[in-house]
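Since the structure comes first, as structure tokens, the remarks are kept for the end.
Numbering (the UniProt record's numbering), first residue to last: 1 to 421.
Next comes the structure, spelled out in structure tokens:
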């Protein structure tokens with residue numbers, strides 16, 4: 001044991017690291033498993049464990065490699081990772097340094113589609129309250145598609161057949177390839193800036209998911225959501241779904257279907273107008289017949305005006321006699337009431353006069369009894385001083401005052417010689 005080399009922990013970890021990195025088998029290998037313990041660090045690096053039923057290995061995906069991924073990492077996703085195996089010197093932990101990664105079992109495009117779909121759904125881009133109504137009778141229809149594809153020929157043919165009154169505005173754009181998303185976005189912006197179209201159709205014919213991938217672009221989805229003009233999606237065949245179909249105001253199964261949805265059928269419209277016109281004519285004729293019948297009835301009534309006047313005169317005379325009789329009856333009744341009232345009034349006046357007369361005589365007798373002359377006639381006299389003021393007490397005079405004594409007949413002047421109380 002003395003001759004054996006003794007490693008420090010750091011030396012051992014370094015030796016393990018060197019052995020792993022010097023083995024070409026561990027330098028560029030593929031590992032299949034399921035992501036667990038996933039953590040996205042603020043630095044942009046991603047840490048996780050890749051496991052299967054029998055084991056697990058730690059793994060790291062650095063920021064510069066993570067930016068290349070076309071899907072979002074999450075726990076539970078089965079993946080195939082490409083990278084190298086090494087160890088971390090401080091802990092001796094063996095881990096996989098991932099350079100690239102792809103979903104296992106489901107394609108990366110499908111996974112990216114589902115993740116983008118879920119993101120936009122959570123942001124409300126698919127909500128029905130944001131959907132704009134399509135015009136019933138569009139005057140201008142904008143087509144955003146390839147100018148050389150079969151889709152534009154089908155749409156032009158159907159629009160001209162169904163609704164030839166509409167003007168068609170074509171905004172050419174690539175519908176496949178790396179440049180397609182930007183060209184579609186620019187065409188949509190241009191159509192909105194012009195503001196001439198009543199409805200926009202965006203689409204192309206069918207194809208593989210790779211062929212239709214331009215319509216799953218996130219920026220295109222936001223641009224469609226912001227569009228002031230209603231948008232109809234018309235991508236691929238009926239089973240094909242893209243992000244465009246969910247964001248658009250209406251999804252059509254095919255470009256031809258979009259052209260039919262966007263336009264009314266002028267043939268049916270003309271038929272309906274003619275049908276309405278016929279119904280209006282029938283209704284008008286029916287009213288004319290009714291008015292003619294009423295007019296004939298009036299004419300019949302006016303055919304013998306003398307007879308009508310005679311009937312009216314008879315009615316007037318009848319009411320006249322009734323009115324005269326009623327007035328005479330009322331007049332007689334009122335005269336009787338008036339005569340009765342006059343008699344009652346005379347009786348009341350006479351009675352009132354007699355009562356007043358008796359009262360007057362009574363008051364006269366009373367006043368006569370109180371008259372000073374009546375008192376004087378019984379032998380009494382009235383004495384007044386020089387000022388003519390009546391003397392009723394000896395206290396009112398003093399000795400020597402000149403007094404006047406009034407009798408029933410005549411008066412006498414005297415002088416107070418003595419005062420007695």
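For glycine and all other residues, C-beta sits at the position ideal for the given N, C-alpha and C.
Cα-Cα separation, residue i to residue j
| i | j | result |
| --- | --- | --- |
| residue 424 | residue 85 | Residue 424 lies beyond the residue range present for the chain, which begins at 1 and ends at 421; the question has no answer from this structure. |
| residue 93 | residue 24 | 19 Å |
| residue 328 | residue 367 | 58 Å |
| residue 241 | residue 15 | 54 Å |
| residue 128 | residue 172 | 29 Å |
| residue 346 | residue 382 | 49 Å |
| residue 353 | residue 413 | 49 Å |
| residue 212 | residue 163 | 29 Å |
| residue 325 | residue 309 | 24 Å |
| residue 192 | residue 226 | 10 Å |
| residue 38 | residue 222 | 29 Å |
| residue 8 | residue 28 | 29 Å |
| residue 427 | residue 286 | As shown, the chain starts at 1 and ends at 421. That puts residue 427 outside it, with no answer to give. |
| residue 392 | residue 365 | 26 Å |
| residue 344 | residue 321 | 35 Å |
| residue 350 | residue 332 | 27 Å |
| residue 140 | residue 277 | 27 Å |
| residue 384 | residue 355 | 41 Å |
| residue 323 | residue 288 | 45 Å |
| residue 54 | residue 189 | 54 Å |
| residue 318 | residue 279 | 53 Å |
| residue 407 | residue 378 | 10 Å |
| residue 252 | residue 261 | 7 Å |
| residue 338 | residue 294 | 57 Å |
Beta-carbon gap between residue i and residue j smaller than 8 Å
| i | j | result |
| --- | --- | --- |
| residue 445 | residue 232 | This structure cannot speak to residue 445, because the chain is shown only from 1 to 421. |
| residue 402 | residue 411 | no |
| residue 204 | residue 257 | no |
| residue 243 | residue 117 | yes |
| residue 35 | residue 61 | no |
| residue 197 | residue 159 | no |
| residue 138 | residue 263 | yes |
| residue 247 | residue 224 | yes |
| residue 155 | residue 169 | no |
| residue 400 | residue 415 | yes |
| residue 83 | residue 99 | yes |
| residue 57 | residue 11 | no |
| residue 89 | residue 13 | yes |
| residue 175 | residue 234 | no |
| residue 250 | residue 134 | yes |
| residue 207 | residue 177 | no |
| residue 79 | residue 30 | no |
| residue 71 | residue 115 | yes |
| residue 210 | residue 69 | no |
| residue 76 | residue 52 | no |
First and last residue of the uninterrupted beta strand (DSSP E) at residue i
| i | result |
| --- | --- |
| residue 46 | 46-51 |
| residue 176 | Per DSSP, residue 176 belongs to no beta strand (DSSP E) and is neither H nor E. |
| residue 406 | 402-406 |
| residue 34 | 29-40 |
| residue 14 | No beta strand (DSSP E) holds residue 14; the alpha helix (DSSP H) holding it covers 9-22. |
| residue 69 | Here residue 69 belongs to no beta strand (DSSP E), and DSSP marks it neither H nor E. |
| residue 203 | 199-204 |
| residue 233 | 231-235 |
| residue 59 | 56-61 |
| residue 383 | 382-384 |
Any C-beta of chain B under 8 Å from that of residue i
| i | result |
| --- | --- |
| residue 268 | No chain B is part of this structure, which consists of one protein chain only. |
Element boundaries [alpha helix (DSSP H), containing residue i]
| i | result |
| --- | --- |
| residue 137 | Counting along the chain, residue 137 falls outside any alpha helix (DSSP H), and DSSP gives it neither H nor E. |
| residue 256 | 255-262 |
| residue 161 | 150-162 |
| residue 226 | 218-226 |
Counterpart residues of residue i in DSSP-defined beta bridges
| i | result |
| --- | --- |
| residue 102 | 80 |
| residue 247 | Beta-bridge pairing links residue 247 to no other residue. |
| residue 414 | 403 |
| residue 97 | 60, 84 |
| residue 390 | 384 |
| residue 145 | 172 |
| residue 167 | 140 |
Would you check if the region 385-396 and the region 347-364 touch, i.e. whether three or more CB-CB distances between them fall below 8 Å?
no
I want to know whether the region 41-55 touches the region 15-24 - three or more CB-CB distances under 8 Å.
no
When you compare the region 251-271 with the region 212-220, are there three or more beta-carbon pairs, one atom per stretch, that lie closer than 8 Å?
no
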